[in-house]
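Those protein sequences? They're chains A and B, same order as listed. Each step along the first sequence adds one to the number in numbering that gives the first Met the number 0, with nothing skipped, and position 226 is 225. Each step along the second sequence adds one to the number in numbering that gives the first Met the number 0, with nothing skipped, and position 354 is 353. The structure under discussion appears below in the form of structure tokens.
Protein chains: 2
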Amino acid sequence: MKPYIPESKLPRVVIIGAGFGGIQLAKSLIKTKQFQVVLLDKHNYHTFQPLLYQVATGGLEPDSIAYSIRQIFHKKKNFIFRMADVERIDTNENEVITNIGEITYEHLVVATGTQTNFFGFDGISSQMMSLKTVPEALNMRSFILQNFENALLTDNNDKKSALMNIVIVGGGPTGVELAGALGEMKKYVLPNDYPELDLEQMQIYLFERQPRVLSNMSEVASKKTEKYLKELGVQIFTSTSVNDFDGKNKVVYGDNNEVIKADTFVWTAGVKGNLVGGLDEKVILRGNRIQTDSHNQILGYDNIYAIGDIAAMIEKDTPRGHPQVAPVAIQQAELLAKNLMAKGKKQPLKAFKYTDKGSMATVGRNRAVVDLPNFKFQGVFAWFVWLAVHLISLVGFRNKIAVIMDWIYNYFTYDRAMRLIIRPYHRKSKDD
Amino acid sequence: MKPYIPESKLPRVVIIGAGFGGIQLAKSLIKTKQFQVVLLDKHNYHTFQPLLYQVATGGLEPDSIAYSIRQIFHKKKNFIFRMADVERIDTNENEVITNIGEITYEHLVVATGTQTNFFGFDGISSQMMSLKTVPEALNMRSFILQNFENALLTDNNDKKSALMNIVIVGGGPTGVELAGALGEMKKYVLPNDYPELDLEQMQIYLFERQPRVLSNMSEVASKKTEKYLKELGVQIFTSTSVNDFDGKNKVVYGDNNEVIKADTFVWTAGVKGNLVGGLDEKVILRGNRIQTDSHNQILGYDNIYAIGDIAAMIEKDTPRGHPQVAPVAIQQAELLAKNLMAKGKKQPLKAFKYTDKGSMATVGRNRAVVDLPNFKFQGVFAWFVWLAVHLISLVGFRNKIAVIMDWIYNYFTYDRAMRLIIRPYHRKSKDD
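Have a look at this one:
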């Protein structure tokens, strides 16, 4: 079955995935007026993943950090969006096989990003929380609040603690920012909501296998971050592995197999590519990334490309590929649009070169760390820079305003307004 | 099992339901400092039902019209909230049996409100949409948008139409306001999102068995409303019954059993009380309402009361009880608080007398109808009055601001920003 897609005389570029890379590529290609652009995604919205943790902790609503894909491309010509799950690529027939039928392409771009990699914990992953999608963020919000409601119902202190405790595995940006936001909830929000509970009984644990959190940033940033987290009451275990989780509340960690009890177990310790079937196994590298040349062309395929987190451009300077962050995806998308134009005109292609503008993370109000290529700073000013960069990057005027308003509200009231259990979350029904 | 609830020397009032009546009663009782107030609800939030249709049509986010119950009662003494499903009342033991255990009471107030009454369509109700809760509103939003995505995939015009068409049964305020909001979506929003679809193929049908819509309002209000709806392209069938719905898209209506095709079938044609078991059957009246005396005391029970939509105070002036609207619930709650005080002091009780401040409904931008006791008006001014009254009634500063911002955005852009399919809705999995 072929789903109805308007005919065009222009060569068709099919893009799988409407993340930062896919959206940018579609925008750049539409501008050239030389292609019919067909964008596929399983959702009808683009997710601004860097702020998911604020949805999970009640600071923002989901509608503020997600944006209608159709809206982004209103009134654009030669653009088609279809909501579709891609099953595999038929590289011989130049077709993408999806749940809505087969879609042919002249050029195909895989921009499917990553999903959580649970490593050895795959078997029990449905009992854990993760934070890659809007439904996952809403589930986490509901789950934590439901546990607090349940903690009220017991007078057994061990049970109470276990219901309130939260373990986060992975001290990267997601783990750190989530730990900070939860620390603020514990300090400012939950005591007002639950005067009957003793918040001293609640612990937030952050586990990181490396010797420091934010190991991709500078040492000064890591140190400051650990200080900030401790100020918010987060217990940090660096150079420490989590060895086991029983799917309920028993967490085993460290060389001596020590045990803590925590109902909420959040996994942020790694990602793997969202692979699409049909490609030669040789091009699939560690972490399900797809090997490309310096033009993002997948090795061995003349008209198939990969950009962003799923792509691994293995070069001298990048033996393990580029960092899996939004700026790489956006820059690769911009260049690929140019290279597709050049290809059409049989002009030489340009090799990708990443311009690293720095990285940052926030722990809480007035607490952030910023590493620029030549300058590193932390504290209140870093926090304002973090706010400004994230606001500017948000898609859409309405979302920017909504987020500003909520941030102002959160700042002055010390409150997090979005703590409603609108769809209760029960383990084992994780799929949305 | 008894869930942990702090002891108190004050007599305990248990309130079931945190709607307009339950919240008001709790507030009034707390002020007296003479009672321990235990409020039960199956959700941890209060829903502002009058604006649910705007959540369903993408104009507002759910977090703006729902409000944390704990937040409403921050720092209040002698107040306890528990999230609980009430199963029945044990009137002999003065206990409420819930999913979290038994809770004893000195006084009990049933303020459980209503749910959708599907009448003869009960068997197929899981295939219909309704609009009494936030999850239902979100399901409707997702379902309509999913149907539009699917309409893109077929070139069969009948299928396309059926996917886009919407049937609303019931021309009361909910049906009218929903029809108007959908008419605006059809006119302003959907053409931009779906340039590939011919919106002429989409029909919105509104069915009402009475000879006019809004039959509880004045004739001039009904007439103006029907005119407004027609301007927005809504097809109105008054004095017409819907006879059958096949659970997919076949709708049979009228004396001649005519057929239309519509995947989205919305039922807003009636409500019935959310009954709690354990009461004498004699006090349960038509529509599952509970008969009370003029003090909201349930007939035959000395210390059990019912207020709001579930209560039927059958008197000379109100042979079928009061209208099931928020002002009745709020006024009954205020009086019941006073009467409970009076009862404690063995003072005489005051009989309830409803002060009707009028009613109103909106159809769309600049289009509303208002009936005051001595004055009726329609149009732009009525619309502003409608906006102001609803804003003032919303609970919480943050929600007021968020709603104002979204309304301003919607007004100037003609857009509805919240059209994300965040949790896809599939029939037969309606329960959240």
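Glycine included, every Cβ here is placed at the ideal spot set by N, Cα and C.
{"query": "Using the C-alpha atoms, what's the distance from residue 338 (chain B) back to residue 374 (chain B)?", "result": "33 Å"}
{"query": "Assuming residue 404 (chain B) and residue 404 (chain A) form a contact by the criterion Cβ under 8 Å, report the distance between their Cβ atoms to the nearest whole angstrom.", "result": "6 Å"}
{"query": "So is residue 192 (chain B) in contact with chain A if we call contact Cβ pairs under 7 Å?", "result": "yes"}
{"query": "Give me the chain B residues within the contact set of residue 67 (chain A), using Cβ-Cβ distance strictly less than 8 Å, ordered along the chain.", "result": "192, 416, 418 and 419"}
{"query": "Do you know whose CA, among A:314, A:341 and A:188, lies nearest residue 231 (chain A)'s CA?", "result": "A:188"}
{"query": "Would residue 371 (chain A) be called buried (16 or more neighbouring beta carbons within 10 Å of its own) or exposed?", "result": "exposed"}
{"query": "Using three-state DSSP, classify residue 402 (chain A) as helix, strand or coil.", "result": "helix"}
{"query": "Just the chain B side, please: which residues come within less than 9 Å of residue 81 (chain A) by C-beta, in chain order?", "result": "148, 151 and 152"}
{"query": "Listed from N- to C-terminal order along the chain, which residues in the stretch 37-67 of chain A have their beta-carbon within a distance smaller than 7 Å of any beta-carbon of chain B?", "result": "42, 43, 44, 60, 61, 62, 65 and 67"}
{"query": "For residue 37 (chain B) and residue 116 (chain B), what's the separation of their Cα atoms in angstroms?", "result": "29 Å"}
{"query": "Rounded to a whole number of angstroms, what is the C-alpha to C-alpha distance between residue 414 (chain A) and residue 55 (chain A)?", "result": "14 Å"}
{"query": "Comparing alpha-carbon positions, which option in B:135, B:81, B:250 and B:290 lies nearest residue 421 (chain A)?", "result": "B:135"}
{"query": "Below 7 Å between beta carbons: does that hold for residue 287 (chain A) and residue 271 (chain A)?", "result": "yes"}
{"query": "Would the beta-carbon of residue 133 (chain B) fall within 7 Å of that of residue 65 (chain B)?", "result": "yes"}
{"query": "Output needed for residue 67 (chain B): all residues of its chain with C-beta closer than 7 Å, excluding positions within five of it in sequence on either side, in chain order.", "result": "43 and 44"}
{"query": "Would a check of beta-carbon distances place residue 394 (chain A) closer than 7 Å to chain B?", "result": "no"}
{"query": "Pairs of beta-carbons, one from the stretch 197-205 of chain A and one from the stretch 150-166 of chain A, closer than 8 Å: are there three or more?", "result": "yes"}
{"query": "If we cut at 7 Å on Cβ distances, does residue 424 (chain B) have a partner in chain A?", "result": "no"}
{"query": "Comparing the C-beta of residue 99 (chain B) with each C-beta of chain A, is any distance below 7 Å?", "result": "yes"}
{"query": "Would residue 69 (chain A) pass as a contact of residue 80 (chain A) if the rule is Cβ separation under 7 Å?", "result": "yes"}
{"query": "To the nearest angstrom, how far is it from the Cα of residue 8 (chain B) to the Cα of residue 33 (chain B)?", "result": "10 Å"}
{"query": "Could you tell me whether any Cβ in chain A is nearer than 7 Å to the Cβ of residue 431 (chain B)?", "result": "Reliability of the predicted coordinates at residue 431 (chain B) is poor, the pLDDT of 40 falling under 50, and no value is obtained from them."}
{"query": "Rounded C-beta distance between residue 146 (chain B) and residue 245 (chain B)? I'm assuming under 8 Å.", "result": "Actually they are not in contact, since the Cβ atoms of residue 146 (chain B) and residue 245 (chain B) sit about 16 Å apart, beyond 8 Å."}
{"query": "Tell me the rounded alpha-carbon separation between residue 53 (chain B) and residue 267 (chain B).", "result": "15 Å"}
{"query": "Rounded to the nearest angstrom, what separates residue 103 (chain A) and residue 82 (chain A) at their Cα positions?", "result": "16 Å"}
{"query": "Give me the chain A residues within the contact set of residue 144 (chain B), using Cβ-Cβ distance strictly less than 7 Å, ordered along the chain.", "result": "43"}
{"query": "Could you name the residues that DSSP lists as bridge partners for residue 78 (chain B)?", "result": "B:36"}
{"query": "Can you list, in chain order, the stretches of the alpha helix (DSSP H) that have 4 or more residues and sit fully within the stretch 326-406 of chain A?", "result": "379-392"}
{"query": "So with CB distances below 8 Å, who are the chain B contacts of residue 74 (chain A)?", "result": "191 and 194"}
{"query": "My parser needs the alpha helix (DSSP H) runs of 4 or more residues fully inside the stretch 47-111 of chain A; what are they?", "result": "51-55, 61-64 and 68-71"}
{"query": "So is residue 413 (chain A) in contact with chain B if we call contact Cβ pairs under 7 Å?", "result": "no"}
{"query": "Excluding sequence positions up to five away, which residues of its chain have a Cβ less than 7 Å from the Cβ of residue 273 (chain B)?", "result": "111, 112, 113, 114 and 309"}
{"query": "Using a cut-off of 8 Å between C-beta atoms, extract the partners of residue 14 (chain B) located in chain A.", "result": "Those within 8 Å of residue 14 (chain B) in chain A number zero; the least Cβ separation is about 17 Å."}
{"query": "Along the chain, where does the beta strand (DSSP E) that runs through residue 139 (chain B) open and close?", "result": "Premise fails: residue 139 (chain B) lies in the alpha helix (DSSP H), 133-150, not in any beta strand (DSSP E)."}
{"query": "Between the stretch 373-387 of chain A and the stretch 4-19 of chain A, do at least 3 Cβ pairs fall closer than 8 Å?", "result": "no"}
{"query": "Applying a beta-carbon distance threshold of less than 9 Å, which residues of chain B neighbour residue 400 (chain A)?", "result": "404 and 408"}
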